[in-house]
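Peer 1: Here it is: the structure, laid out below.
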Amino acid sequence: MLLSLFVIHLCALAAPGPDFFFVSRTALSGRLRHLVESASGVAIGILIWATLTLLGLNLLFERFPYAKLVIMTAGAIYLLKLAVDIYRSARQPLNELSASGEQLQNVLLKGVLTNLANPKAVIYFTSIFSSIPGIGNSSSLISQILVLIFIESLLWFFLVGKMFTLARIRQYYSEHKCWVDYFSAAVFALFAGFILFDVVHLLMV
Numbered sequence: 001m002l003l004s005l006f007v008i009h010l011c012a013l014a015a016p017g018p019d020f021f022f023v024s025r026t027a028l029s030g031r032l033r034h035l036v037e038s039a040s041g042v043a044i045g046i047l048i049w050a051t052l053t054l055l056g057l058n059l060l061f062e063r064f065p066y067a068k069l070v071i072m073t074a075g076a077i078y079l080l081k082l083a084v085d086i087y088r089s090a091r092q093p094l095n096e097l098s099a100s101g102e103q104l105q106n107v108l109l110k111g112v113l114t115n116l117a118n119p120k121a122v123i124y125f126t127s128i129f130s131s132i133p134g135i136g137n138s139s140s141l142i143s144q145i146l147v148l149i150f151i152e153s154l155l156w157f158f159l160v161g162k163m164f165t166l167a168r169i170r171q172y173y174s175e176h177k178c179w180v181d182y183f184s185a186a187v188f189a190l191f192a193g194f195i196l197f198d199v200v201h202l203l204m205v
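Going by full-length UniProt numbering, the residue at position 79 of the sequence shown is 79; the numbering climbs one at a time, nothing skipped.
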């Protein structure tokens, strides 16, 4: 059962999203400490969503749908802010960016908020948890599941970020930083747009 959960969650983690772009760009711009903080922040965000789902957050969203809309809107605004920050620093050379540390402050918190920006994680965790028999009656099983999800998420994003610290990839980023950052900013803005589109759609239903 835990093995099945491991495989399913790995497939979900492998799908590129805001978390992937946040960790990879942080790894390219910062040091190992920043990579660890970014991966840890995203993993903590995932753990928070998983825990809240087990506590019945999905039922709360069903009863108070506007609470979900507020969280979705706030998440979209945060992703748009990240997009603007990346866009503004796109023309700043990598060595100056690393030296100033402007984009590398509060990386752990930014990682948490980047993941929490998308409440759709509740739907994902609800779907996989509902397929696990007896999950609501075993605190031991719940603990094992949460530990597995956190460690797997942390290791995955650390390895993803570590890949982007390779000299060849980092050199490519240094030479093409402007366009890579423009692309990253567009991706974050696009994800924010998707979330806002869902908000509008839910309001019209």
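Virtual Cβ for every residue (Gly too), placed ideally from N, Cα, C.
Does His201 pass the burial test, meaning 16 or more other C-beta atoms within 10 Å, or should it be called exposed?
Peer 2: His201 is exposed by the Cβ-count criterion.
Peer 1: Rounded to a whole number of angstroms, what is the C-alpha to C-alpha distance between Tyr59 and Val84?
Peer 2: Note that residue 59 corresponds to Leu in the displayed sequence, not to Tyr. The alpha-carbon atoms of Leu59 and Val84 are separated by roughly 34 Å.
Peer 1: Say whether chain C places a C-beta atom closer than 9 Å to the C-beta of Tyr182.
Peer 2: Annotation note: the requested chain C is absent from the structure, which comprises a single protein chain.
Peer 1: How many angstroms separate the CA atom of Val160 from the CA atom of Val147?
Peer 2: Those two C-alpha atoms are separated by around 20 Å.
Peer 1: Measuring CA to CA, which of His176, Thr165 and Ile195 is closest to Arg33?
Peer 2: Ranking the options by Cα distance to Arg33, first place goes to Thr165.
Peer 1: What separation, rounded to the nearest whole angstrom, lies between the Cα atoms of residue 237 and Pro119?
Peer 2: An answer regarding residue 237 cannot be provided, because it is not within the stretch 1 to 205 covered by the chain.
Peer 1: For Val122, report the span of its alpha helix (DSSP H) as first-last.
Peer 2: Where Val122 is concerned, the enclosing alpha helix (DSSP H) stretches over Lys120 to Phe129.
Peer 1: Apart from the five residues just before and just after Thr73, which ones in its own chain have a Cβ nearer than 6 Å to its Cβ?
Peer 2: So the list reads Val199, once near-sequence residues are dropped.
Peer 1: List the endpoints of the continuous alpha helix (DSSP H) containing Arg170.
Peer 2: That run of the alpha helix (DSSP H) goes Ala167 to Glu175.
Peer 1: Where does Ala99 sit, in a helix, a strand or coil, going by DSSP?
Peer 2: With a pLDDT of 45 at Ala99, under the threshold of 50, the modelled position of that residue is not reliable, and no figure is offered here.
Peer 1: Have a look at Lys162 and Ala27 and give me their C-alpha separation to the nearest angstrom.
Peer 2: Each residue's alpha carbon lies about 7 Å from the other.
Peer 1: Pull up the distance between the alpha-carbon of Asn137 and that of Val7, whole angstroms please.
Peer 2: So the alpha carbons of these two residues sit roughly 23 Å apart.
Peer 1: So, are the CB atoms of Phe188 and Ile71 less than 9 Å apart?
Peer 2: Against a cut-off of 9 Å, the Cβ pair of Ile71 and Phe188 comes out as no contact.
Peer 1: Please report the residue range of the alpha helix (DSSP H) in which Pro18 lies.
Peer 2: Pro18 -> alpha helix (DSSP H) spans Pro18 to Ser29.
Peer 1: Terminal residues of the continuous alpha helix (DSSP H) containing Leu55?
Peer 2: Taken as a continuous stretch (DSSP letters only), Leu55 belongs to no alpha helix (DSSP H), as it is neither H nor E.
Peer 1: Three-state secondary structure (DSSP) at Met204?
Peer 2: Met204: helix per DSSP, three-state reduction.
Peer 1: Since Val42 and Asp19 are thought to touch, with beta carbons under 8 Å apart, how far apart are those beta carbons, to the nearest angstrom?
Peer 2: About 5 Å; that satisfies the 8 Å criterion.
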